[in-house]
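Only one structure is covered here, and it is reproduced in the block below.
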Amino acid sequence: MDRNFSEEVAHVSRLARLELGQDEKEQMAGQLQSILGIAKKIQELDTSGVEPTSHVINLPAVLRDDEVRPSLPVEQVLQNSPKRNKDYFQVPRITAVD
Amino acid sequence: MKLYENTAAALSRMLTKEEVSAVEVAQSFLERIGDLDPLLKAFVTQTPDIALKMAADVDQRRKQGESLHPLAGVPIAIKDNICTEGIKTTCASRILSNYIPPFDATVVRALKAVGMPLLGKTNMDEFAMGSSTENSAFFTSRNPWDTGRVPGGSSGGSAVAVAAGMAPLALGSDTGGSVRQPASFCGLIGLRPTYGLVSRYGLIAFASSLDQIGPLALTAEDAAMLLGVIAGYDRLDSTSLPEDVPDYHRELETDIRGIRIGLIRENVDQQFDREVNAAVKKMLTVLEQNGAVIGEVSMPLTDYGLSAYYLIAPSEASSNLGRYDGVRYGYQSAGRHLEEMFSNTRGEGFGAEVKRRIMIGTYALSAGYYDAYYLKAMQVRTMIRRDYETAFKSYDLILGATTPTPAFKIGEKTDDPLQMYLSDVCNINDALAGIPSISVPTGLHSSGLPMGMQISAPPSGEKLLLKVAYFLDGQSRAFPQRPQLKTSEGGCN
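Sequence order for the protein chains is A and B.
The opening residue of the first sequence carries number -1 in this note's numbering; numbering runs sequentially from there.
The opening residue of the second sequence carries number 289 in this note's numbering; numbering runs sequentially from there.
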């Protein structure tokens, strides 16, 4: 497998905030290359001047009035939180420390 | 005949005439689940108490003389990516294994409004990514026609539940074939509606421009009844179609004279199983003998659809699944700081296939590749839609095999993601075009497994699809065929 692609896998996993083990990274590199090989088939087609699809039924963008509507009560919103502090979601410190 | 052996339509008639109570019906299906689910593993969560309470409520309302919906008291199973208030909704993923939604999906609200008792939540490939339920983080569901084989996926648990008489109806979701392919593998009717016909509010997102909820049923009549309940405009889904919905059930009829039907040359490819193709041709002959006008149509971009799909769907998934960060709900791992916690949570919470798709999608959307991959794929999607528009100038419906082969063996395709992707090759283009598509049974293969045929219509063509499926039900199956729960030689258990 080419070395550049392994670096690419490491880069993409960082972008995706997805921790991968060394074995996973190696397996993933091979599999991604073969999947992208299939995906690349679209390069054979001449798409110049073709509009990309944004909505299949060509529905216009839907807008609504900017009105306040009731949302879920705080207690229900927080019921699934893995870590909670009073009415807040609790997370680890944001900055990395070396 | 046991109650659980009936179609939804038959149960509806018995309930309306008060020959049986909704509680008796629910009990029959719950007993069947108790007997068979340990073997077939269709359900991630069973909800017997809720089913019986909802059924008792229907019985009481009927006793009080209330006028009820025809499906009141007919139970249903729901795929585990559709949110149910107060009932665990896991997407068959470790990352959501303890998630209890604080709200109902719009379709669930509709089922509750007509009084359909909820039997439980069904197994699936994790986040609906897969074609066999083998990507479930919990277990693989078994095909009741041969328990050594997969039921298809990703809505495999829903298909197993209906095929084995554990539920008369079920909801699945179809992003690139996930209702139609398991319907075909399990001998059922499976309908993917027009994009926007059924609200996606509360359907946990995989690829938003492709996801649609659809019914799995024993007959076209049953599918029509259920579609009538779940279809319709919803202001909570900004892609919902602002259209009136016909009464699919009442408008069912069997006069197919003059309907122009095109056989898709690419979907009866010579590489497909010969019996699968022969069964499609046999159905076409029946349609022709009864007045349909038959021809052949070429969809030259068929092969490119698969390529475009495996860029578009993972790209959207990589964005949609960004929400699983361990903060607001779901699994949370440890980390010295926020970003490390995110990465560890996602690395431990997602399974292999979900990770692959997040990686492909993130790659395709990343700087330097966006135009060549994602944008190009969306242009190809436009070309595929035009292909269909051209075909529908000459034909009212087009059709071909639903899957290249009957159900494959458990473990047969798990080592090679590409082989698994190819099992959806016939189902993807309809999804890309946003058009409705139904899989109908075409009989049994010499191996004893069911086979299916897929019929597609222009947008909002559900009525026509159900009519042809209803006609075929009457022609070829006096009563839906039921599996004998066998296990083949060499199938792993």
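Positions of the beta carbon are idealized from the N, C-alpha and C atoms, including for glycine.
*chain A beta carbons: is any one of them nearer than 9 Å to that of R382 of chain B?*
Residue 382 of chain B sits at position 94 when you count from the first residue of the second sequence. False, the Cβ-Cβ gap to chain A never drops below 9 Å.
*For the segment 672 to 688 of chain B, which residues have a beta carbon sitting closer than 7 Å to at least one beta carbon of chain A?*
R673
_Contact criterion: CB-CB distance below 9 Å. Does P90 of chain A meet it with respect to chain B?_
Translated into positions along the first sequence, residue 90 of chain A becomes position 92. Closer than 9 Å: yes.
*N- and C-terminal bounds of the alpha helix (DSSP H) containing E42 of chain A*: By 1-based counting over the first sequence, the position of residue 42 of chain A is 44. That residue, E42 of chain A, is in no alpha helix (DSSP H); it is neither H nor E in DSSP.
*Classification of H9 of chain A by the beta-carbon crowding that lies within 10 angstroms, buried from 16 upward*: Within the first sequence, residue 9 of chain A is the residue found at index 11, counting from 1. The residue is exposed, with fewer than 16 neighbouring Cβ atoms inside 10 Å.
*Below 9 Å between beta carbons: does that hold for P602 of chain B and I547 of chain B?*
The residue you call residue 602 of chain B lines up with position 314 of the second sequence. The residue you call residue 547 of chain B lines up with position 259 of the second sequence. Result no, Cβ atoms of P602 of chain B and I547 of chain B do not sit closer than 9 Å.
*V564 of chain B: which of B:P358, B:L318, B:L356 and B:G736 sits nearest, CA to CA?*
Position 276 of the second sequence holds residue 564 of chain B. Nearest option by C-alpha distance: B:G736.
_A452 of chain B to T702 of chain B span [Cα, whole Å]_ = Taking the first residue of the second sequence as 1, we reach residue 452 of chain B at position 164. Taking the first residue of the second sequence as 1, we reach residue 702 of chain B at position 414. Distance between the alpha carbons of A452 of chain B and T702 of chain B: 25 Å.
*For Q667 of chain B, which three-state DSSP category applies?*
On the second sequence, position 379 is the one that residue 667 of chain B refers to. Correct three-state label for Q667 of chain B: helix.
*Since I549 of chain B contacts G688 of chain B with CB under 8 Å, what's their CB separation in whole angstroms?*
Within the second sequence, numbered from 1, the residue matching residue 549 of chain B stands at position 261. Within the second sequence, numbered from 1, the residue matching residue 688 of chain B stands at position 400. Contact doesn't hold; Cβ gap of about 11 Å is too wide.
*For the beta strand (DSSP E) holding F331 of chain B, just list the boundary residues, first then last.*
Working through the second sequence from its first residue, we reach residue 331 of chain B at position 43. Taken as a continuous stretch (DSSP letters only), the beta strand (DSSP E) holding F331 of chain B covers F331 to Q334.
_Assigned exposure category for I743 of chain B - 16 Cβ within 10 Å defines buried_ = Residue 743 of chain B sits at position 455 when you count from the first residue of the second sequence. Buried, because 16 or more other Cβ atoms sit within 10 Å of the Cβ of I743 of chain B.
*If you count every other CB in all the chains shown that lies within 10 Å of the CB of K329 of chain B, and 16 or more means buried, which is it?*
Within the second sequence, numbered from 1, the residue matching residue 329 of chain B stands at position 41. Buried is the call here.
*Could you pull the start and end residues of the alpha helix (DSSP H) that L752 of chain B belongs to?*
Indexing the second sequence from 1 puts residue 752 of chain B at position 464. Its alpha helix (DSSP H) spans residues E750 to S764.
*Who does F87 of chain A pair with in a DSSP beta bridge?*
As a first step, residue 87 of chain A is located in the first sequence; it is residue number 89 there, counting from the start. For F87 of chain A, which the question treats as bridged, DSSP gives the partners A:R82.
*Terminal residues of the continuous alpha helix (DSSP H) containing D704 of chain B?*
Here residue 704 of chain B corresponds to residue number 416 of the second sequence, with the count starting at 1. Looking at the DSSP string, D704 of chain B is not in any alpha helix (DSSP H), and its letter there is neither H nor E.
_R437 of chain B and S727 of chain B - do their beta-carbons sit closer together than 9 Å?_
For the purposes of this step, residue 727 of chain B is identified with residue 439 of the second sequence, where counting begins at 1. For the purposes of this step, residue 437 of chain B is identified with residue 149 of the second sequence, where counting begins at 1. Going by C-beta atoms, S727 of chain B is not nearer than 9 Å to R437 of chain B.
_If you reduce the DSSP assignment to three classes, tell me which class M(-1) of chain A lands in._
Here residue -1 of chain A refers to the residue found at position 1 of the first sequence. Only weak support is given to the placement of M(-1) of chain A: the predicted model assigns it a pLDDT of 46, under 50, and the value that follows is read from those uncertain coordinates. Coil at M(-1) of chain A, not helix or strand.
_Any beta carbon of chain B sitting closer than 9 Å to that of M(-1) of chain A?_
Looking up residue -1 of chain A in the first sequence gives position 1. Residue placement at M(-1) of chain A is flagged as unreliable, the pLDDT there being 46, under the threshold of 50; a coordinate-derived value is accordingly withheld.
*For the segment 479 to 499 of chain B, which residues have a CB atom closer than 8 Å to at least one CB atom of chain A, in sequence order?*
T482, Y483, G484 and S497
*asked:* Taking the alpha-carbon of K282 of chain B as reference, which of B:S429, B:S316 and B:Q620 has the nearest alpha-carbon?
replied: This structure cannot speak to residue 282 of chain B, because chain B is shown only from 289 to 781.
*How about Q29 of chain A: is its C-beta nearer than 9 Å to some C-beta of chain B?*
Residue numbering aside, residue 29 of chain A sits at position 31 when the first sequence is read from its first letter. Q29 of chain A counts as touching chain B.
*Provide the residue span of the beta strand (DSSP E) that contains G740 of chain B, from first to last.*
As a working mapping, residue 740 of chain B is identified with position 452 in the second sequence. Run containing G740 of chain B: P738 to S744, per the beta strand (DSSP E) assignment.
_Does the CB of V125 of chain A have a neighbour CB from chain B at under 9 Å?_
Examination of residue 125 of chain A is not possible in this model, given that chain A is present from -1 through 96 alone.
*Whose C-beta lies closer than 6 Å to the C-beta of S442 of chain B among residues of the same chain, with five residues either side of it excluded?*
Looking up residue 442 of chain B in the second sequence gives position 154. Cβ neighbours of S442 of chain B beyond the five flanking positions: M412, D413, A416, G418 and S466.
*What number of angstroms, rounded off, separates the C-alpha of Q74 of chain A from the C-alpha of T690 of chain B?*
Numbered from its first residue, the first sequence carries residue 74 of chain A at position 76. Numbered from its first residue, the second sequence carries residue 690 of chain B at position 402. Straight-line Cα distance between these residues: approximately 42 Å.
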